[in-house]
Amino acid sequence: MIENPNEVVTKAILRLVPVPGLEKPAALITLDNGFDYKKPNSFGPGGLRSLDEAITAATAADPSFIALTGKPFIFCVGADITGMPLINSREQALALGELGHKVFARLKNSQIPTFAFVNGAAMGGGLEVALHCHYRTVSTGAAALALPEVAIGLIPGWGGSQILPNLIGIINAATVILQNPLTQKTLRPKQAKEMGVADALFEAADFLEDSLAWAAGVVKGEVTVERPEIERKDWDGVLEFVKAMLDEKLHGAVPSANKAVELLALAKDASFEDGTAAETEALADLIMGDEARASLYSFDLVQRRAKRPVGVPDKSLARKVTKVGIIGAGLMASQLALLFLRRLQVPVVLTDLDQERVDKGVAYVTGEIDKLVAKKRMDEGTAAKLRLLISGSVDKSVFADADFVIEAVFENLDLKKQIWAELEKIVKPEAILATNTSSLSITEMAADLEHPERVVGFHFFNPVAVLPLLEIIRGEKTDDATLSTAFEVGKQLKKSSVLVKDAPAFVVNRLLTRVTSEIFQAVDAGTPLDVVNVAMDPLGLPMRPIALLQLVGPAVAYHVGETLHAAFPDRYVDSPNLKRIVDSRLPVMVDKEINPEIIKILEVGDAPLTADEVRQKALDGLAEEIRIMLDEGVVAEAQDIDLCMILGAGYPFHLGGVTPYLDRSGTAARVAGKRFLPDGVANVRS
Numbered sequence: 009m010i011e012n013p014n015e016v017v018t019k020a021i022l023r024l025v026p027v028p029g030l031e032k033p034a035a036l037i038t039l040d041n042g043f044d045y046k047k048p049n050s051f052g053p054g055g056l057r058s059l060d061e062a063i064t065a066a067t068a069a070d071p072s073f074i075a076l077t078g079k080p081f082i083f084c085v086g087a088d089i090t091g092m093p094l095i096n097s098r099e100q101a102l103a104l105g106e107l108g109h110k111v112f113a114r115l116k117n118s119q120i121p122t123f124a125f126v127n128g129a130a131m132g133g134g135l136e137v138a139l140h141c142h143y144r145t146v147s148t149g150a151a152a153l154a155l156p157e158v159a160i161g162l163i164p165g166w167g168g169s170q171i172l173p174n175l176i177g178i179i180n181a182a183t184v185i186l187q188n189p190l191t192q193k194t195l196r197p198k199q200a201k202e203m204g205v206a207d208a209l210f211e212a213a214d215f216l217e218d219s220l221a222w223a224a225g226v227v228k229g230e231v232t233v234e235r236p237e238i239e240r241k242d243w244d245g246v247l248e249f250v251k252a253m254l255d256e257k258l259h260g261a262v263p264s265a266n267k268a269v270e271l272l273a274l275a276k277d278a279s280f281e282d283g284t285a286a287e288t289e290a291l292a293d294l295i296m297g298d299e300a301r302a303s304l305y306s307f308d309l310v311q312r313r314a315k316r317p318v319g320v321p322d323k324s325l326a327r328k329v330t331k332v333g334i335i336g337a338g339l340m341a342s343q344l345a346l347l348f349l350r351r352l353q354v355p356v357v358l359t360d361l362d363q364e365r366v367d368k369g370v371a372y373v374t375g376e377i378d379k380l381v382a383k384k385r386m387d388e389g390t391a392a393k394l395r396l397l398i399s400g401s402v403d404k405s406v407f408a409d410a411d412f413v414i415e416a417v418f419e420n421l422d423l424k425k426q427i428w429a430e431l432e433k434i435v436k437p438e439a440i441l442a443t444n445t446s447s448l449s450i451t452e453m454a455a456d457l458e459h460p461e462r463v464v465g466f467h468f469f470n471p472v473a474v475l476p477l478l479e480i481i482r483g484e485k486t487d488d489a490t491l492s493t494a495f496e497v498g499k500q501l502k503k504s505s506v507l508v509k510d511a512p513a514f515v516v517n518r519l520l521t522r523v524t525s526e527i528f529q530a531v532d533a534g535t536p537l538d539v540v541n542v543a544m545d546p547l548g549l550p551m552r553p554i555a556l557l558q559l560v561g562p563a564v565a566y567h568v569g570e571t572l573h574a575a576f577p578d579r580y581v582d583s584p585n586l587k588r589i590v591d592s593r594l595p596v597m598v599d600k601e602i603n604p605e606i607i608k609i610l611e612v613g614d615a616p617l618t619a620d621e622v623r624q625k626a627l628d629g630l631a632e633e634i635r636i637m638l639d640e641g642v643v644a645e646a647q648d649i650d651l652c653m654i655l656g657a658g659y660p661f662h663l664g665g666v667t668p669y670l671d672r673s674g675t676a677a678r679v680a681g682k683r684f685l686p687d688g689v690a691n692v693r694s
């Protein structure tokens, strides 16, 4: 068994607890790693052995029942994945799977009744250990319940793929094991009870007392737990449908999803022993695969690096923001207003050219607040407060006392410069001026101002409420106080912020546009749209290129392309066919298919490429562009490129963002001259 010298061991602490109505005490095992909820419980080799020892001691005490619970707010969030990069042989991976199965099976096979009192977040192996218990209660305060392994390149490898479908049925199990991880969803406590994952739901305030009393009722026969008989006749049909959906969405690019389907199929008729043995083999295969290592790298970026952005000035320099101004009242500006309002809960004021537009923007914000109340995602008291804090005006003098003003107007440099020149005469000297530009130069935008040091790029991604990335761009004269304030505001907005140098289109748009440029060079050469559209399928990207073009909008894509063509004409083409699509104003996609009317307006050459050739040209373009960006210092490290592509472009975990895929495919070494990441960081060490 591989040991992890850095494991924060979650100890299983046993105490015997008297329970009213029972002659013998209950054996209560509490999982606790000694830290608060910010460092959740997890299972490494040391934690599993501690649980094994606690079960042995609990059994020897001959209690009325054995119950497993967690520290405040946290049950257990699964395997300690920090140790997985240390696994360098399949034998070590097998040993980890077998140890988890061996320890957890003791709860399932116990002659003494076993209970899981799920008092807080239970994910991965944490939920699996609960599933091994004979009965489960869950707290209304449990933040998340999930089996998220497929999303990080693994499978529920400690019994989850075999127990869950036989507990809640194949449809619900496929939702929890496949659909939820791939759409970044978790179960809420009420859902878990309704599905049958939990047998009882209790309020957080008295959760442990109520769970102990309920367990006593079960032991005495006063409480009967009824579980429905699982329907098996449609099992295979459900999985065939699931497999078809996965093929359509992921195109076979995510091995963990395919393995999960195989294990769910096995759960229909296999013995528990055979099923869990297959789990162990599958887990070992995946742990020793590059996709899982890239996924774990991605997970670490999102969970750690995103919370500690590199190169940020000390937060003590940040200025307090007590009022926010937003220039513009269109959809993007209104989304920004709602976000600032909800997160900062300070006065937010919109301005635009006429009262009708201003009123429409304010109405959008109040309408969204009403929707949140209706969905019970916001209480009426908070809603009433926020309605009082949002306002609009056609007079920019309302920004006189604002601490932070952001513009979200049309992407035109002259227009933005004009706005800032006007605003500088109105706002107070220390006010931060932020721009949501997607491609224009921050330095040029601030060049004519008296105080260019307070201008900063604040680039959100659409939809603002959903995508977590915020590119914060430092112009040549942006000072530390402005930058520090920008990052503190980003933190308050609950965004993951990355520091970016002022360079054309920054990170995400620069790379996506490079792919679009390569795609349309292929179209111009004569490659059919349906061929370029499927060229990137083997990567398992969230959207095909033509669908992404439809989402972004051809005009926006073309505008960013123009900016980059002007800056780098040798690498970014000015595609005449993309211009034709923009000028036609026709929808690119109709009913999820390429619009045949679009195909008719294209003028193409006689040198078409295959899908494989298109894909390789796009990958070569990405590798070249990333190497140039790193050499130019657009971001600190390749990790920041990957973080941006994951959080801003939805690039999947199994790619590691983008640079691990370019490394392992050999593209980085061939095109850029060397790997982007050291061997073993996001792949199985060579």
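Per my numbering, the sequence shown starts with residue 9, numbered consecutively.
Using N, Cα and C, we set each Cβ at its ideal position, and we do this for glycine too.
Predicted model, so just to flag it, every value in this text is computed and none were measured.
Residue i (DSSP reduced to helix, strand or coil)
i      : result
Arg313 : helix
Cys652 : helix
Arg3   : Residue numbering for the chain in the displayed model covers 9 to 694; residue 3 lies beyond these limits and cannot be assessed.
Leu195 : strand
Met203 : helix
Ala337 : coil
His573 : helix
Leu24  : strand
Val402 : coil
His142 : coil
Ile82  : strand
Ile74  : strand
Ala494 : helix
Ala392 : helix
Ala35  : strand
Leu358 : strand
Buried versus exposed call for residue i [16 or more other C-beta atoms within 10 Å across all chains shown]
i      : result
Ile607 : exposed
Pro553 : buried
Gln170 : buried
Ser405 : exposed
Thr18  : buried
Asn96  : exposed
Phe210 : buried
Arg98  : exposed
C-alpha gap between residue i and residue j, whole angstroms
i      : j      : result
Gly561 : Pro595 : 9 Å
Lys424 : Ala530 : 35 Å
Met597 : Leu610 : 15 Å
Phe6   : Gly91  : Given that the chain is displayed from residue 9 to residue 694, the structure contains no residue 6 and the question cannot be resolved.
Val581 : Gly105 : 51 Å
Glu230 : Ala221 : 11 Å
Val692 : Tyr45  : 31 Å
Ser303 : His662 : 5 Å
Ala392 : Arg350 : 12 Å
Ala494 : Leu651 : 19 Å
Asp322 : Lys116 : 51 Å
Lys738 : Ala646 : Beyond the ends of the chain as shown, which are 9 and 694, falls residue 738; an answer cannot be given.
Lys368 : Glu570 : 31 Å
Val332 : Leu271 : 52 Å
Val246 : Asn180 : 10 Å
Asp60  : Val111 : 6 Å
Cβ separation of residue i and residue j, assumed to be a contact under 8 Å, to the nearest whole Å
i      : j      : result
Ala442 : Phe412 : 7 Å
Ile636 : Val643 : That belief does not hold up - the Cβ atoms of Ile636 and Val643 are roughly 12 Å apart, past 8 Å.
Asp532 : Ser583 : 6 Å
Ile21  : Phe73  : So it is not a contact: roughly 17 Å between Cβ atoms.
Val184 : Leu195 : 7 Å
Cys84  : Val137 : 7 Å
Test: residue i CB closer than 9 Å to a CB of chain D
i      : result
Ala511 : Note that chain D does not occur in the displayed structure, where there is just one protein chain.
According to DSSP, residues forming a beta bridge with residue i
i      : result
Ser147 : Phe210
Met131 : Ala154
Asp40  : Lys19
Ser505 : Leu478
Gly681 : Beta-bridge pairing links Gly681 to no other residue.
His467 : Glu479
Glu3   : With the chain running from 9 to 694 in the structure shown, residue 3 is simply not present.
Ile602 : Met597
Phe123 : Ala75 and Tyr143
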